[in-house]
Amino acid sequence: MAGGHNRRLTPQYLRLLFGMRRMELRSYLQDAVLKPRPDAKHVLIFAQGRSGTTLLESLLCSTGNFTGLGEPLHLYTREVWAPVRHLRGLALGAQGNVVAHVKGSQLLHERRRPVDPYRLLHSMSAERWSIVHVRRQGIANQVLSECLARSRGAYHKIDDSPEQIRPRIDPQDFLMRYDRRLRFHEEDQAALAGLPHLSLVYEHDLMDSACHQATADRVCDWLDLPRHPVRTELRRIGARAPADQISNYDEIASALRARGFEWDSTLGAGPSNPLNADGHYLRQRKEIV
195 MAGGHNRRLT PQYLRLLFGM RRMELRSYLQ DAVLKPRPDA KHVLIFAQGR SGTTLLESLL
255 CSTGNFTGLG EPLHLYTREV WAPVRHLRGL ALGAQGNVVA HVKGSQLLHE RRRPVDPYRL
315 LHSMSAERWS IVHVRRQGIA NQVLSECLAR SRGAYHKIDD SPEQIRPRID PQDFLMRYDR
375 RLRFHEEDQA ALAGLPHLSL VYEHDLMDSA CHQATADRVC DWLDLPRHPV RTELRRIGAR
435 APADQISNYD EIASALRARG FEWDSTLGAG PSNPLNADGH YLRQRKEIV
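The numbering of the sequence shown is the working numbering, which starts it at 195 and goes up by one.
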């Protein structure tokens, strides 16, 4: 639940909550007393969940150019009281450049005190943070990734063992998540309006490990930082075709087709950008996986 409001008050949870609040208060103190480095090159990755943000952060950190902050505004235990001050303070207390990632939908929809993603991004940009936006080329595969992660009970994979799960997904739940992702995407585009940023597409820049070095080099070049070899322990969860990952693929594909989308099972096929000039999804027959 957002902010951990409905978590049981176990000793383990209370210790974690206390530790996170203490870190948060320290970041506010650092923001108040420390001066920013004029040569700092911090990165804020902005994306929806299941878009490769943790992977991208791990790649950038492996270059040695950055310290990873993870997802500082997460809601696992609590809501951060002052998000901009918290991010700024964490960066001031770190050695060198930092990279962190945030989710617009989490800021806007999952907090008791919503944070406007547009204002947060523009505030961080004004603080000379560089914004990297990562999106999925296909909403259907993004929703599938979310459902598979929930079914397996883990959102990240660090070994090469084959995945054994092949769950059944309720079509109505899948469509609900699909519609929500479409809405989140439009909100993300609005938040980025008029903001200088680097755009990455998961399927082109992160999905295949053969692309990792080129993607990290692209970010480093953009920031005028030295290139270095990259590595990551993270592995793809959904490396198989969608029909091989869920037991009722035909049922889900039929439900999408009824909504005007064709779930293409050919990975990476079709146009690279399913957006029109206004930043809204084209409701076309082809939905790229």
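Glycine residues also receive a C-beta, built at the ideal position from the N, C-alpha and C atoms.
{"query": "Beta-carbon proximity of E340 to V296, cut-off 8 Å", "result": "no"}
{"query": "Residues near L228 in its chain [Cβ-Cβ closer than 6 Å; skip 5 each side]", "result": "L286"}
{"query": "First and last residue of the uninterrupted beta strand (DSSP E) at A294", "result": "291-296"}
{"query": "Simplified DSSP state of G462, which is helix, strand or coil", "result": "With a pLDDT of 34 at G462, under the threshold of 50, the modelled position of that residue is not reliable, and the figure given next carries that caveat. The answer is coil: DSSP assigns G462 none of H, G, I, E or B."}
{"query": "Member of V424, S319, A449 whose CA lies at the smallest distance from the CA of L254", "result": "V424"}
{"query": "Beta-carbon proximity check, V337 vs F378, cutoff 8 Å", "result": "no"}
{"query": "Three-state secondary structure (DSSP) of M401", "result": "coil"}
{"query": "Contact set for K235: own chain, Cβ-Cβ below 6 Å, skip 5 residues either direction", "result": "N291, L417"}
{"query": "L428: CB within 7 Å of a non-hydrogen atom of the ligand SAM", "result": "Of ligands this structure carries none, so the ligand SAM is not represented either."}
{"query": "Status (buried if at least 16 other CB within 10 Å, exposed otherwise) for T204", "result": "exposed"}
{"query": "S441 in three-state terms, based on DSSP", "result": "coil"}
{"query": "Of the listed residues D233, A447, L208, R216, nearest to I333 (C-alpha basis)", "result": "A447"}
{"query": "The beta strand (DSSP E) enclosing R329, as first and last residue numbers", "result": "324-329"}
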